[in-house]
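Each remark here refers to the structure printed beneath this line.
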Amino acid sequence: LLKENADLLAPAVTSIINTSFAEGRLPQSWKHADVDPVPKQKPVHDINKHLRPISLTPILSKVAEDFVVENHVKPAVLAKVDPRQFGTVPGSSTTEALISMVHSWHQATDGNGATVRVVLFDF
23 LLKENADLLA PAVTSIINTS FAEGRLPQSW KHADVDPVPK QKPVHDINKH LRPISLTPIL
83 SKVAEDFVVE NHVKPAVLAK VDPRQFGTVP GSSTTEALIS MVHSWHQATD GNGATVRVVL
143 FDF
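Each residue of the sequence shown is one higher than the last, beginning at 23 in our numbering.
Set out below in structure tokens:
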């Protein structure tokens, strides 16, 4: 419904979101969430251990949240992230991390007969 009428609804939604940000508060209805239990594993034997609560929030709340994350949070966080970090960094991958490590090891041992000892952890 929102996508089909985006050009008609965009000005009103933009006004609501901009007012919300200017006043520093969200509309009360955006703070409501329906919590659905989703199984971590099947079959569910222990409700406390085998179910994950998933909060379903209103779509306009998600739109506002995505705007804040993309335009404010992500740039601020990425500016502080070590350039040698690959996990959770958009556009990076495990492959890039491995290439970077192998390149560093190659530079450290290039022609001098040295060895490299490595311990890798996966949390």
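Glycine is no exception: its CB is placed at the ideal position from the N, C-alpha and C atoms.
Annotation: S115 to V103 spans about 15 angstroms, alpha carbon to alpha carbon. DSSP places D56 in no alpha helix (DSSP H) but in the uninterrupted beta strand (DSSP E) bounded by 56-61.
For L31, the uninterrupted alpha helix (DSSP H) segment begins and ends at 28-45. Judged by DSSP in its simplified three-state form, S115 adopts coil rather than helix or strand. Taken through DSSP and simplified to helix, strand or coil, P75 comes out as strand. A contact is defined here as three or more CB-CB pairs under 8 angstroms, and the region 56-64 fails this definition with respect to the region 86-101. Residue burial annotation: I39 is buried, with at least 16 other C-beta atoms found within 10 angstroms of its C-beta. L100 is a Cβ neighbour of V111, given a cutoff of 9 angstroms. Boundaries of the alpha helix (DSSP H) harbouring P97: 96-102, taken from the DSSP string.
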